[in-house]
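In our numbering, the protein residues as written are 12 to 198.
Notes follow once the structure below has been shown.
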Amino acid sequence: MQAKSGDRKSKYTWKFLSLGLIPLAILIRWLMSKSPGFTEQVYARGIYKYIMQPVSLFTGLFPFSVAEFALVFLVIYVPARLVYLLIKAIRTKKWRILLPFASNIVLAGSLWFFIQNMVWNINYERLPFSDLAEIKITESSVDELEALCRHLVDMTNELRMQVEEDENGIMTVTGGYRSILKRARAG
Numbered sequence: 012m013q014a015k016s017g018d019r020k021s022k023y024t025w026k027f028l029s030l031g032l033i034p035l036a037i038l039i040r041w042l043m044s045k046s047p048g049f050t051e052q053v054y055a056r057g058i059y060k061y062i063m064q065p066v067s068l069f070t071g072l073f074p075f076s077v078a079e080f081a082l083v084f085l086v087i088y089v090p091a092r093l094v095y096l097l098i099k100a101i102r103t104k105k106w107r108i109l110l111p112f113a114s115n116i117v118l119a120g121s122l123w124f125f126i127q128n129m130v131w132n133i134n135y136e137r138l139p140f141s142d143l144a145e146i147k148i149t150e151s152s153v154d155e156l157e158a159l160c161r162h163l164v165d166m167t168n169e170l171r172m173q174v175e176e177d178e179n180g181i182m183t184v185t186g187g188y189r190s191i192l193k194r195a196r197a198g
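And the structure:
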C-alpha cells in the first residue's frame, strides 16, 4: 500500500513540475524574437505548416469553432467541478481530494501555455509584413490617413456591388467553394 501512495505522490509531483514548461516557452519565444529572419524562414515557412496542417484538417471536420467550444466547456466545467470538490472536501473533511484536481489544472494550464506559445505566439516574432512586402513606411498626416480610409471604403463599396447575392442579399459563389479554391492561386 505504501508503494501506491508513493506512486500517487510521484504523479502529482510530475504534474506540478510541468510548471517548468512556462519559463521554457518564454525562453524559446524570447530567443525567436532575437532573430525574426530565422523565425520567418525556419518556423513560419517550415515547421508551422507541418504543425497546423493536421490541426486544420481535424478542426475543419466540425461546423463550429472547436477552440471556442472547448473554452465554453472549460468555463462551465472547471468552476462546477471545483465547487463539487469543495463541498465534498468540507463534508468529509478530507482536503486531499482537491490535490488531483489542482495538479490536473496545473498540468493542463502549463501544457496550454507551452503549446499556445510554440504553435501560435511565435508567429508574433516573425519579420513585419512591411519588410516581407518591401513596403516603405513613411510618416503620414491625419488628413492623408483619412483620405486613404475614404478611398478604401469607396473601393470596397464598388467591389461589393459586383458580388453575387441570393434573394435574401446573402453572398453566393457560382460553382461553390471548389470554384474558389481553383481560382485562388490566380488572385
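Don't be surprised by glycine CBs; every beta carbon is placed ideally from N, CA and C.
None of these values were measured; they are calculated from a predicted model.
Linking E136 to Y61 through their CA atoms gives a straight-line distance of about 18 Å. Burial is judged here by how many other beta carbons sit within 10 angstroms of a residue's own beta carbon; M129 has at least 16 and is buried.
With a threshold of 16 other beta carbon atoms within 10 Å, M43 meets it and is buried. M43 carries a helical assignment under DSSP once its states are collapsed to helix, strand and coil.
With fewer than 16 other Cβ atoms inside 10 Å of its own Cβ, S76 counts as exposed. With fewer than 16 other Cβ atoms from the protein chains shown falling within 10 Å of its own Cβ, K45 counts as exposed. Short of 8 Å from the beta carbon of W25, and not among the five residues preceding or following it, lies no beta carbon of its own chain.
Of all C-beta pairs linking the stretch 116–126 to the stretch 27–34, three or more are shorter than 8 Å, placing the two stretches in contact. The three-state secondary structure of M182, taken from DSSP, is strand. For the 8 Å CB-CB criterion, Y54 and I181 do not form a contact. DSSP, reduced to helix, strand and coil, places E176 within a strand of the structure shown. Cα atoms of E51 and N168: separation of roughly 35 Å, rounded to the nearest angstrom.
Measuring C-alpha to C-alpha distances from Y23 to each of R107, A158, Q127 identifies R107 as the nearest. Looking at T103, S190, F140, L109, the one whose alpha-carbon comes closest to that of R92 is L109.
One thing to note: L138 has its Cβ within 8 Å of the Cβ of P47.
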